[in-house]
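Participant: Got a structure for you, questions after.
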Amino acid sequence: MERRTVIKLRDRPTLIKETAEWFASKWHLPVAVYEESIQASTRKNASVPQWYVVLDEWGEIIAGAGVVDNDFHDRVDLTPNVCALFVEKDYRNQRIAKMILETIKQDFAEMGVKMLYLVTDHTDFYEKYNWQFIGMAQDNEGIPVRVYQMPL
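Each residue of the sequence shown is one higher than the one before, starting from 2 at the first, in this note's numbering.
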């Protein structure tokens with residue numbers, strides 16, 4: 002397995018459009034939503050939002066995630082939220098998601114953030130990486146979702 006690195010999009014604004022299109026294709030939100038958020042991450046002194054990607058040897062995006070104020074749930078007090086974590090199928094089980102999560106944790110710890118949150122239905126995955134289940138929230142459609150936290 003070759004060594005991959007996580008790219009912080011605030012450091013590579015040339016990837017904004019491509020990354021916005023990639024996330025939109027995975028999570029079915031408008032490209033403009035991602036483009037605006039990723040663009041905001043490039044502003045000086047912005048802790049949130051932040052976006053991260055991993056490229057393959059040809060420069061194609063194979064994985065990514067973001068950190069936003071709120072990931073479409075009713076617990077607005079639980080912020081910031083890791084969101085949109087996705088690894089292309091051919092690249093799964095290579096610890097790429099773990100690498101992204103570790104980069105996010107380190108990045109936000111350096112910013113002075115004490116806690117990260119996320120909502121998900123992928124319980125085993127995040128628990129394997131020591132995320133702590135703290136309760137339920139409701140998403141924007143009123144559907145219950147599990148909330149996790151990660152102390153930094």
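Using N, Cα and C, we set each Cβ at its ideal position, and we do this for glycine too.
In the DSSP assignment, find the unbroken beta strand (DSSP E) run with Tyr118 in it and report its ends.
Facilitator: Where Tyr118 is concerned, the enclosing beta strand (DSSP E) stretches over 116-121.
Participant: Excluding the 5 residues preceding and the 5 following Glu22 in the sequence, name in chain order all residues of the same chain whose CB lies nearer than 6 Å to its CB.
Facilitator: Result list for Glu22: Val32, in chain order.
Participant: What do you reckon, are the CB atoms on Ile105 and Val49 nearer than 8 Å?
Facilitator: Result no, Cβ atoms of Ile105 and Val49 do not sit closer than 8 Å.
Participant: If you draw a straight line from the C-alpha of Gln84 to the C-alpha of Asn71, how long is it?
Facilitator: Here the sequence assigns Cys to residue 84, which means Gln is not the residue at that position. Rounded to whole angstroms, Cys84 to Asn71 spans 9 Å at the Cα level.
Participant: Check each candidate in Ala64, Lys9, Pro145, Ser26 and name the one with the smallest Cα separation from Thr121.
Facilitator: For the residues Ala64, Lys9, Pro145, Ser26, the minimum Cα distance to Thr121 belongs to Pro145.
Participant: Using a beta-carbon distance below 8 Å, is Gln139 in contact with chain C?
Facilitator: The question asks about chain C, but that chain is absent: this structure has only one protein chain.
Participant: Between Asp12, Arg44, Gly65, which lies nearest to Glu103 when the distance is taken from Cα to Cα?
Facilitator: For the residues Asp12, Arg44, Gly65, the minimum Cα distance to Glu103 belongs to Gly65.
Participant: Between which residues of its own chain and Met100 is the CB-CB distance below 8 Å, once the five residues before and five after are set aside?
Facilitator: Excluding sequence neighbours, Met100 sits near Arg5, Val7, Val55.
Participant: How long is the line joining the alpha carbons of Ser26 and Glu111, rounded to whole angstroms?
Facilitator: Taking the straight line from one Cα to the other gives about 31 Å.
Participant: Tell me the rounded alpha-carbon separation between Thr15 and Lys9.
Facilitator: In a straight line, the C-alpha of Thr15 is about 12 Å away from that of Lys9.
Participant: Kindly list the residues whose CB is nearer than 6 Å to the CB of Trp52, restricted to its own chain and excluding five residues on each side of it in sequence; keep chain order.
Facilitator: Counting only Cβ-Cβ distances below 6 Å, and skipping sequence neighbours, we find Leu10, Ile39, Ser42, Gly67.
Participant: My output table needs one value for Trp23: the three-state DSSP class, helix, strand or coil.
Facilitator: Residue state, collapsed to three classes: helix.
Participant: In the DSSP assignment, what are the bridge partners of His29?
Facilitator: Paired residue(s): none; His29 is not in a bridge.
Participant: Closest to Val114 by C-alpha separation, out of Asp75, Met151, Thr20, Lys18, would be which residue?
Facilitator: Answer by Cα proximity: Met151.
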